[in-house]
């Protein structure tokens with residue numbers, strides 16, 4: 069419903085991205101956005117789900133409906149967040165490598181060596197437990213094959 073609200077009354081981001089406006093509206097109706105489906109997950113990103121906030125409007129209204137005999141049909145598609153994260157990681161076809169000095173991001177297939185020409189440092193892959201798609205691919209960063217000051221990014 070929040071997606072529909074944003075489509076008609078807000079400013080949706082590119083397809084599939086959950087922006088701050090969406091996250092704020094989710095909070096206002098009592099649903100807490102989270103990339104993990106639990107407290108502590110990212111509130112905005114490509115893949116964001118939610119959990120029902122304690123004491124929020126959604127929980128309050130649902131409790132009233134339940135007292136009146138309303139029965140919600142709810143099906144959990146994932147039995148736990150770890151399986152969902154493992155599936156996302158397996159499906160990732162590219163990895164974000166980051167310069168430890170200047171923060172430059174470059175996207176490439178997993179297990180490659182990239183170097184920041186500006187800092188002359190190897191770009192670092194994400195930690196093993198971090199999802200490959202946890203970083204947005206920003207505009208303006210280096211791409212494979214791009215040439216900067218006579219140095220090709222490989």
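In my numbering, the protein residues as written are 69 to 222. Virtual Cβ for every residue (Gly too), placed ideally from N, Cα, C.
Can you tell me where the beta strand (DSSP E) holding residue 175 begins and where it ends?
Start and end: 173 to 176.
Where DSSP assigns a beta bridge to residue 166, which residues make up the other side?
173, 192
Measuring alpha carbon to alpha carbon, tell me which of 179, 193, 90 ends up nearest residue 167.
193
With DSSP as the reference, label residue 182 as helix, strand or coil.
coil
Residue 161 - DSSP class collapsed to helix/strand/coil
In the three-state reduction of the DSSP assignment, residue 161 falls in the coil class, being assigned neither a helical nor a strand state.
Have a look at residue 162 and residue 191 and give me their C-alpha separation to the nearest angstrom.
Approximately 14 Å between the Cα atoms of the pair.
Using only the alpha-carbon positions, how far apart do residue 77 and residue 136 sit?
32 Å
What number of angstroms, rounded off, separates the C-alpha of residue 112 from the C-alpha of residue 139?
In this structure, the straight-line span from the alpha carbon of residue 112 to that of residue 139 is close to 30 Å.
Grab the span of the alpha helix (DSSP H) containing residue 128 for me, first residue to last.
125 to 135
Measure the C-alpha to C-alpha separation of residue 188 and residue 97 and round it to an integer number of angstroms.
49 Å
Cβ neighbour criterion (16 or more within 10 Å) applied to residue 184
With 16 or more Cβ atoms within 10 Å of its Cβ, residue 184 is classed as buried.
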